[in-house]
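Student: If you count by this note's numbering, then the sequence shown holds residues 253 to 515, one letter each, in order. Note that the Cβ used here is the ideal one computed from N, Cα and C, for glycine as well. Being a predicted model, the structure only gives us computed values, none of them experimental.
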Amino acid sequence: MAKILIIDDDGTVCDALEIFLARDGHLVSKAADGGKGVQAYQQNAPDLVVLDRDLPVMTGSAVLKKIREVSATTPVVMLTGHDKPEDAAEYLRAGATAFLSKKDGLLKALDEIDQLLGLRKKAPAPAATRPVSPAAAAAGRGIVLVVDDDEAIVNALATHLSSLGHEALQAGDGERAVQLARARQPDIVLLDITMPGKDGVEVLRELVPELPYTGFIMLTGNEDKKVAQACLKIGALNYLAKPADMAAIDELIKGWILCSPRH
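1. Give the straight-line distance between the Cα atoms of A488 and L316, rounded to the nearest whole angstrom.
2. Look at the alpha carbon of K485 and the alpha carbon of E458, and state the distance between them as a whole number of angstroms.
3. For the beta strand (DSSP E) containing Q437, name the first residue and the last one.
4. Count the other CB atoms, across all protein chains shown, that sit within 10 Å of the CB of P378; report buried if there are 16 or more and exposed otherwise.
5. So with Cβ pairs under 9 Å, would you call G333 a contact of chain B?
6. Who are the Cβ neighbours of R320 in its own chain at under 7 Å, not counting the five residues just before and after it?
7. Excluding the 5 residues flanking L546 on each side, which residues of the same chain have their C-beta closer than 8 Å to its C-beta?
8. Name the DSSP beta bridge partners of S281, please?
9. Taking Cβ positions, are L504 and L471 nearer each other than 9 Å?
10. Counting pairs of Cβ atoms below 8 Å between the segment 364 to 373 and the segment 415 to 434, do you hit three or more?
11. Just the Cα atoms here: how many angstroms apart are P298 and I395?
12. I need the DSSP call for G417, collapsed to helix, strand or coil.
Next up, the structure:
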């Protein structure tokens with residue numbers, strides 16, 4: 253696959269892009285300001301650059317100029333919160349390959365990257381008929397299903413997620429999780445691996461083909477690490493060790509929703 257450099261001071265955007273690009277097999281490097289971005293470009297010679305317009309130390313336009321001094325052919329995708337037509341024209345004249353707005357979501361940027369690299373993703377069949385949830389459509393909030401046979405863990409996670417504006421669904425076993433997931437099509441499932449009856453791995457295998465726009469985050473004890481890593485191959489977004497790091501969960505959810513075609 254390709255070497256991709258992301259230059260953006262927005263950590264959520266960087267992390268979200270990295271998650272999806274890395275899952276596609278790309279080697280991703282990141283820089284949080286323009287100066288470090290130029291250094292990273294010179295050191296890594298990436299196949300493609302995703303570049304924010306408004307950066308500390310050195311602006312996006314200055315970084316673009318430096319890149320074009322080295323290479324006239326490296327694709328540079330401008331990704332910005334400002335999307336005035338005159339700005340787009342200016343950057344395209346300066347050598348940018350594409351000019352995209354963050355307001356349109358990161359899925360468009362990922363599609364553009366695929367096109368520039370000559371890649372095509374397999375489109376999931378159910379995508380056209382999946383409804384957009386009102387909660388997920390508003391301000392980056394989503395529907396999150398918490399699945400664990402430990403009631404205290406479920407309650408703690410659900411309370412935290414609700415405080416952030418998410419709609420938190422709860423299931424205490426695998427069978428109930430499958431029922432709720434099919435009925436509500438959540439944006440994220442926080443899924444315990446070890447449960448009596450139908451465990452998290454079985455739930456994951458069953459739901460991944462049916463819910464292509466749902467991100468599955470596995471919750472694991474230390475003894476489950478190898479199983480958790482195997483879950484990534486099945487289709488899990490990531491895995492986290494218990495006790496769950498709330499900040500890490502928040503960032504993963506933000507990143508997934510930011511990239512979701514449902515928003």
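Tutor: Quick look at the numbers:
1. Taking the sequence shown and counting its residues from 1, one reaches residue 488 at position 236. Taking the sequence shown and counting its residues from 1, one reaches residue 316 at position 64. Near 35 Å, if we compare the C-alpha coordinates of L316 and A488.
2. The sequence position of residue 485 within the sequence shown is 233, counting from 1. The sequence position of residue 458 within the sequence shown is 206, counting from 1. Spanning the two alpha carbons is a distance of roughly 14 Å.
3. As a working note, residue 437 is residue 185 in the sequence shown. Unbroken run through Q437: none, as it is neither H nor E.
4. By one-based count along the sequence shown, residue 378 stands at place 126. Residue confidence for P378 is low, a pLDDT of 43 falling below 50, so the modelled location carries little weight; the figure read from the coordinates is stated next. Looking at its Cβ environment, which holds fewer than 16 other Cβ atoms inside 10 Å, P378 is exposed.
5. The structure shown contains no chain B; it is built from a single protein chain.
6. Indexing the sequence shown from 1 puts residue 320 at position 68. Closer than 7 Å at Cβ, skipping near neighbours: G347.
7. As displayed, the chain neither begins before 253 nor continues past 515, which places residue 546 out of reach and without an answer.
8. Numbered from 1 along the sequence shown, position 29 holds the residue referred to as residue 281. For S281, which the question treats as bridged, DSSP gives the partners L257.
9. In the sequence shown, the residue the question calls residue 504 occupies position 252. In the sequence shown, the residue the question calls residue 471 occupies position 219. No.
10. no
11. Locating residue 298 in the sequence shown gives position 46, counting from the first residue. Locating residue 395 in the sequence shown gives position 143, counting from the first residue. If you take the alpha carbons of P298 and I395, they lie about 36 Å apart.
12. Within the sequence shown, the letter at position 165 stands for residue 417. G417: coil per DSSP, three-state reduction.
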